[in-house]
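Letter by letter, the sequence shown follows residues 1088 to 1227 in our numbering. No residue lacks a Cβ here, since even glycine has one placed at the ideal position from N, Cα and C.
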Amino acid sequence: GIGVGGKLNFGRLFELRAAYFSDLTADTSPERRDFELRAIPLEAGLAFKFAESERMSPYAGGGAGYYMLDTDRGDIDDEVGWYAVLGADFQTSENLGFMVEGIYRGMEATVRRDDLDDIRDDVNVDFGGLGVNAGLVWTF
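In structure tokens form, the structure reads like this:
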């Protein structure tokens, strides 16, 4: 899915992350049968910066997440999971730069039957997988 997010680094190690994904499922045809799942990952972890320079700061890290989930069909509970990240910050001016990172999230959930929908059985869903993040970095 495509989404938006942000992260805050505290000191040299601790980070908080949040994102919003409006639909994590593939589109199907016909549209009336399309299943949509929204997610808001709230994550906290450690990120270790190594080989820091004035221009580039690579990092590796990971942590735990609480994933707020919502679907347009059936019922789903919020879940906990984990993430691991490998990336780099690139400083282009005194307070501004950009970042690129690869992230792997591990999280599973179950979509349960809802009497108002056409879901007949519980459906286990694996949301683990690789993602790529890119964005602006503002330091103060």
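Using a 10 Å radius around the Cβ and a threshold of 16 neighbouring Cβ atoms, would you call residue i buried or exposed?
i: E1130; result: buried
i: V1198; result: buried
i: R1192; result: buried
i: G1184; result: buried
i: E1188; result: buried
i: G1161; result: buried
Can you tell which of the options has its C-alpha closest to the C-alpha of residue i?
i: A1175; options: G1216, L1217, F1137, R1104; result: F1137
i: G1152; options: V1212, L1217, G1132, L1100; result: G1132
i: A1105; options: T1179, I1089, S1180, I1127; result: I1127
i: G1149; options: R1200, S1109, F1135, M1143; result: F1135
i: E1181; options: R1142, F1101, D1110; result: R1142
i: G1215; options: E1166, D1208, A1221, R1160; result: E1166
i: V1172; options: V1219, R1160, I1163, R1099; result: V1219
i: Y1107; options: R1099, I1089, T1179, F1101; result: I1089
Residues bridged to residue i by DSSP?
i: I1190; result: V1172, G1218
i: F1227; result: Per DSSP, none; premise fails for F1227.
i: R1199; result: D1162
- Query: Hey, is the region 1091-1098 in contact with the region 1156-1166, meaning 3+ C-beta pairs nearer than 8 Å?
  - Reply: no
- Length at least 3, wholly inside the region 1102-1185: the beta strand (DSSP E) runs in chain order: 1124-1136, 1143-1158, 1166-1178
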